[in-house]
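Peer 1: Per my numbering, the very first residue in the sequence shown carries number 70; after that it's consecutive. The beta carbon of each residue, even a glycine, is placed where N, CA and C say it ideally should be. Owing to the predicted nature of the structure, the values given are computational and were not obtained by experimental measurement. My structure is below; once you've seen it, I'll send some questions.
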Amino acid sequence: TRAAQLFTERHANKPVHRKIVLELVRKFRETGSVGNKKRNNERPVRNEAVEVAVLGHVALDHRLSTRQLASVSGVSRGSVQRILKHYKFHPYKIHLLHELHEDDFDRRVQFCEVMTERAMHNPNFLFNICFSDECSFFLNGTVNRHNCRYWSDENPRIFS
């Protein structure tokens, strides 16, 4: 178009493609403006029946994810998150803790002494050990707990 050519002649370092000009002309003819339409950022009207349904599913099974809650409740995941946030529910993570026994402290001190002694005799000893940031290795196929959350309005203090 002629407008694109004129703009490119005047502003050689900022060429404009003719499709952009045609789109702006179309938008101006349809709306009377070249500006973008205002978006509707209004939140949906709160529905007590939906809230009760979501909270009921959480009460029945507190381990459901927000995706699963959305699926069984028939609402969007965002609505589920908004409802849970409104009622001050949080996704608590279950922590695996090792039970400590009376002799554990002595065994840990002994382990540190042995490792220190071995490192003194062989400076490369610690480089031959593979340290991992994985939480736990289970031989019995226990489910990965990183994806496990417990929805509650107060910390349930669940330990395994």
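Over what stretch of residues does the alpha helix (DSSP H) that includes H126 continue unbroken?
Peer 2: Unbroken alpha helix (DSSP H) run through H126: 117-129.
Peer 1: For the alpha helix (DSSP H) containing K83, name the first residue and the last one.
Peer 2: Looking at the DSSP string, K83 is not in any alpha helix (DSSP H), and its letter there is neither H nor E.
Peer 1: So for R218, helix, strand or coil by DSSP?
Peer 2: Three-state DSSP puts R218 in a strand.
Peer 1: Just verifying my parser: in three-state terms, what is the DSSP assignment at H159?
Peer 2: Residue state, collapsed to three classes: strand.
Peer 1: Just mark I230 as buried or exposed, buried being the case when its beta carbon has 16 or more other beta carbons within 10 Å.
Peer 2: Examination of residue 230 is not possible in this model, given that the chain is present from 70 through 229 alone.
Peer 1: Cα separation between R146 and K106?
Peer 2: One C-alpha to the other measures close to 26 angstroms.
Peer 1: Quick one: what does DSSP say R79 is sitting in, helix, strand or coil?
Peer 2: DSSP places R79 in helix when its eight states are reduced to three.
Peer 1: Below 8 angstroms on the Cβ atoms is my guess for L138 versus V123; work out the distance and round it to an integer in Å.
Peer 2: Indeed, because the Cβ distance is near 6 angstroms, the residues count as touching under 8 angstroms.
Peer 1: Where do the N-terminal and C-terminal ends of the alpha helix (DSSP H) with D175 fall, by residue?
Peer 2: Unbroken alpha helix (DSSP H) run through D175: 173-190.
Peer 1: Taking DSSP as the reference, what is the three-state secondary structure of I198?
Peer 2: Here I198 sits in coil by DSSP.
Peer 1: In this structure, does DSSP put E223 in helix, strand or coil?
Peer 2: Three-state result, E223: coil.
Peer 1: Determine the direct distance from the alpha carbon of L129 to that of P160, and round the result to whole angstroms.
Peer 2: Computed Cα separation, rounded: 15 angstroms.
Peer 1: For L93, name the three-state secondary structure that DSSP assigns.
Peer 2: Here L93 sits in helix by DSSP.
Peer 1: State buried or exposed for L133, treating a residue as buried only when at least 16 other CB atoms are found within 10 Å of its CB.
Peer 2: Buried, since its Cβ has 16 or more Cβ neighbours within 10 Å.
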